[in-house]
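Protein sequence lines correspond, in order, to chains A and B. The numbers in the working numbering rise by one with no breaks, and the one at position 180 of the first sequence is 180. Offset between the second sequence (1-based) and the working numbering: plus 1000. Where a beta carbon is used, it is the ideal one built from N, C-alpha and C, also for glycine. No experiment lies behind these values; they were computed from the predicted model shown. Step one of this worksheet: look at the structure below.
There are 2 protein chains.
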Amino acid sequence: MIAHDLNVIIVGGGFGGLRVAQGLGGTSVGVTLIDKRNFHLFQPLLYQVATGALSPANVATPLRSVMKRNRNVQVLLGEVTDIDLDRKQILLDQEWFAYDILVLATGATHQYFGHDDWREAAPGLKTIEEALDIRSRIFRAFEAAERESDPARIRALLNFVVVGGGPTGVELAGALREIANYTLRKEFRNINPVDAHVILIEQGEHVLPMYVPKLSAKAEALLKSLGVEVITGAAVTGIAPDTVTAMRNGQEEIIQASTVIWTAGVKASPIGMLLAANGNATLDRSGRIEVESDLSLPGHPGVYVIGDLACCKSDSGRPLPCVAPVAIQQGAHVVNEILARLHNGPPTSFQYRDYGSMATIGRAAAVVQLGRIRFSGYAAWLTWLFVHLMSLVRTENRFLVLLQWSWNYWTWNRSARIITEPGEVAHTEKP
Amino acid sequence: MIAHDLNVIIVGGGFGGLRVAQGLGGTSVGVTLIDKRNFHLFQPLLYQVATGALSPANVATPLRSVMKRNRNVQVLLGEVTDIDLDRKQILLDQEWFAYDILVLATGATHQYFGHDDWREAAPGLKTIEEALDIRSRIFRAFEAAERESDPARIRALLNFVVVGGGPTGVELAGALREIANYTLRKEFRNINPVDAHVILIEQGEHVLPMYVPKLSAKAEALLKSLGVEVITGAAVTGIAPDTVTAMRNGQEEIIQASTVIWTAGVKASPIGMLLAANGNATLDRSGRIEVESDLSLPGHPGVYVIGDLACCKSDSGRPLPCVAPVAIQQGAHVVNEILARLHNGPPTSFQYRDYGSMATIGRAAAVVQLGRIRFSGYAAWLTWLFVHLMSLVRTENRFLVLLQWSWNYWTWNRSARIITEPGEVAHTEKP
């Protein structure tokens, strides 16, 4: 490769990392974008893959195709397993790569708060594979119920528990209700899908805790009108196959449910622990790396940490939420920091501009919070639709998603509800 | 369920089985359609999933949604593991189901002619999971080559071998060349994807042996013009990770290739062996069940065998090929046989009407054989496009496929080329 003024390595092709790579594209800086996946994942719509409304490729964009025109950017598929801050090198699989500037944007994964044994019975929703796993569990439950004769077992098969009342939990619960009410209607002969029971369990007082109370209450009302049972102020104390145990004001409640989805806890990716282990980073409760106001790693001005991996305090002193807009704005900030270095400009501190947040609830409703403007219902849903459609990286996916959304809206169908399985690869021998 | 004049069980929701279920929909016959998958798979376009042009859901249709309006048809997800012809019952998982009429349409899988150990290194293309496995292998090979420094290893990574010169092999080879020539162009910095080498190995004298020699030759020419190395008259004698051994006129040739795809052998699904084991069926070389002229199982007038599972002789005495049109026409015939029984009509013998066959080669070429009419090139490709588009079960998929085809055609891109892995589900812990 041609010589570059600076050699920048970006680890992670999510919202933050991709923004940095795009911002540095076409500059005199040499960029290496590393991800263990070959695509950028549009997380906000992943729940629609998990509920059979969209196909994985609709919410994923090959990183190479995004970067193809930027000759100063190379994309490498691989996993960073070690970082040597003193020698300024990262270990990609067995190979060391040197950097002048390092941008860490490896995001977050689930956390089960010390109960990793819950993972098997209650998968989370962070990767495409997890979405497909959840999709299979949801539709397989209805199939099993259709074949089952024991009424108690049928009830358990038609009970769906979503743990966590954040945006993902709310959107999943709404979509599950929609599947039961409309998608599967008339398709079964022995069960009635409408009998499915969707339970959303939130530890806090309200769903969507990060929203203003008025909107949280509205979201709760919308969920209930769809038929979702919303249990707030309840802590999940146990998850085993087919049973969820929840504790609400001292009362233990046991729910029989064969499908449980976990959206209750987020933990920064292990790279944080890697750095902390060598005393190079301080982590917050959810494993996020505490950063300077310019988003650099304390003591290491050449290393930036952004997105869900970073614990970045707002002016109010509260850490910024783990959402795409934060990661994207931090990415843009890091681009400016890096370009300033070329002209020996001083570091500047990052300012987050909160444009608001939104969550969709079922088929044609949503809650939207844009600064002082708050609204819900159909208009909010259209806003949500438009914003998400426009945020997709590729134009083609905008068309594909719009086409499927329109189709699903008019036909009440969900075209991507096919049950696929890793195991099947080996099963071709069976009849 | 309400009482029905006849209780028909159909095993398999492929082209044949689905045709029977649709034909009996709305009649006074009670129908149970059983499949181990919850969708009908449009096999002819599966190679486009394997090469990242389409998403799995685009070539799959949930059986329930096809059948939802036919109240006399129930769909069950499960695997038939035994058949009791005397008691007229089938064993679905642990449960026995009684039938008056049984239709066996479980199709075919691969065969490695006694070398099942080749499967690991050279997967076949029959299921969606296999298509996704092949897709991952193809694009992972380019990713690995980009990271590799040893020239010999790079060559092996960029060698793609397709074993079998039938329609699937020809279409795969063409698509692989298209990926190397156009899709990945400009996306890599250390390798040039155009250097990829695609080798198609066919045992017979020509590719597409079932076509008239003129068209086979034309297909071969089209493949070569795309840059595919076509090796005919060569028998594969060994497949190991990264090496394929082929024998051509006494000469042994060893090809270094990290990606090998197997399309050389088809074997009927094990239900045939199940019946043969009890002396209830005679199988041909590829495990297909020999049937009467009315498609019934000899000695069992109430049992029909259709599609790839059936060995049905044409007037010329040659068995009919394993293609969708045969299965569909046999399905239609069985519907008539069953409805005739209601009025005690006599069995009639099945007549296959060959409307021709076609295969696409790469980006904008195909060979088409419609009775006496034979043509190739762009017009043939448009014909292929139209016929396949119209054959898709759901209108929505026609739009989705057409949109992606047009997009891929104009942008030279393949949107669904994401590398997904079963393993990843467990990998959420890694950075």
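Counting only runs of 3+ residues, the beta strand (DSSP E) found wholly inside the region 251 to 317 of chain A occupies 251 to 256, 259 to 262, 266 to 268, 300 to 305, in chain order.
DSSP places residue 73 of chain A in the uninterrupted beta strand (DSSP E) bounded by 73 to 77. Interface annotation, residue 89 of chain A: not in contact with chain B, CB-CB separation never under 9 Å. For the region 1060 to 1079 of chain B, the set of positions with a beta-carbon nearer than 7 Å to some beta-carbon of chain A reads 1060, 1062, 1064, 1065, 1068, 1074, 1076, 1077, 1078, 1079 in chain order.
Taking the C-beta atoms as reference points, residue 208 of chain A is found no nearer than 9 Å to residue 12 of chain A.
At a cut-off of 9 Å between beta-carbon atoms, residue 1262 of chain B makes no contact with chain A. In the three-state reduction of the DSSP assignment, residue 1334 of chain B falls in the helix class. By the Cβ test, the region 362 to 379 of chain A is not in contact with the region 22 to 35 of chain A, since fewer than three Cβ pairs between them sit closer than 8 Å. Spatial neighbours of residue 1044 of chain B in its own chain (CB-CB distance under 7 Å, excluding positions within 5 residues in sequence) are listed in chain order as 1324, 1388. Close CB contacts of residue 1238 of chain B within its chain, under the 6 Å cut and outside five residues either way in sequence, are with 1245 (chain order). Rounded to the nearest whole angstrom, the CA to CA distance from residue 1307 of chain B to residue 1211 of chain B is 20 Å. Look at residue 1188 of chain B: its C-beta is under 9 Å from a C-beta on chain A. The Cβ atoms of residue 1377 of chain B and residue 1262 of chain B do not sit closer than 9 Å to each other. If you look at residue 1229 of chain B, you'll find it in the beta strand (DSSP E) that goes 1229 to 1232. With contact defined as three or more Cβ pairs closer than 8 Å, the region 47 to 55 of chain A and the region 170 to 184 of chain A are in contact.
Under the three-state reduction of DSSP, residue 1197 of chain B is assigned to strand. Counting only Cβ-Cβ distances below 8 Å, residue 1055 of chain B has contacts in chain A at 55, 56, 57, 58, 416, in chain order. With a threshold of 16 other beta carbon atoms within 10 Å, residue 72 of chain A meets it and is buried. Under the 9 Å criterion on CB atoms, residue 1178 of chain B is classed as non-interfacial with respect to chain A. Under DSSP, the beta-bridge partners assigned to residue 1319 of chain B are B/1313. In the DSSP assignment, residue 1397 of chain B falls within the alpha helix (DSSP H) that extends over 1395 to 1411. Positions of the beta strand (DSSP E) runs, each at least 3 residues long and wholly inside the region 340 to 395 of chain A, are given as 357 to 360, 366 to 370, 373 to 376 in order along the chain. Listed along the chain, the chain A residues whose CB falls inside 8 Å of the CB of residue 1139 of chain B are 38. In the structure shown, the three-state DSSP call for residue 189 of chain A is coil.
Per the Cβ contact rule, the region 1398 to 1418 of chain B is not in contact with the region 1344 to 1354 of chain B (fewer than 3 Cβ pairs under 8 Å).
In terms of beta-carbon proximity, residue 399 of chain A lines the interface with chain B, with at least one pair separated by less than 9 Å. Between residue 49 of chain A and residue 157 of chain A, the C-beta gap is not smaller than 9 Å, which leaves the two residues out of contact. Close to residue 1407 of chain B, with beta-carbon spacing below 9 Å, are these residues of chain A in chain order: 395, 396, 399, 400. Residue pairing of residue 84 of chain A in beta bridges, as defined by DSSP: A/89.
Of the residues assessed, residue 407 of chain A falls on the buried side of the cut-off, its CB having 16 or more other CB atoms within 10 angstroms. Within the region 228 to 252 of chain A, no residue has a Cβ lying closer than 8 Å to any Cβ of chain B.
Residue-level contact check: residue 1222 of chain B does not touch chain A, since none of the beta carbons of chain A fall below 9 Å from its beta carbon. Nearest CB-CB separation between residue 413 of chain A and chain B: below the 9 Å threshold. Burial of residue 1058 of chain B is indicated by the presence of at least 16 other C-beta atoms within 10 angstroms of its C-beta. Residues 281 of the same chain have their beta carbon placed closer than 6 Å to that of residue 275 of chain A, with the five preceding and five following residues left out of the count.
Here the alpha carbon of residue 129 of chain A sits roughly 30 Å from the alpha carbon of residue 1266 of chain B.
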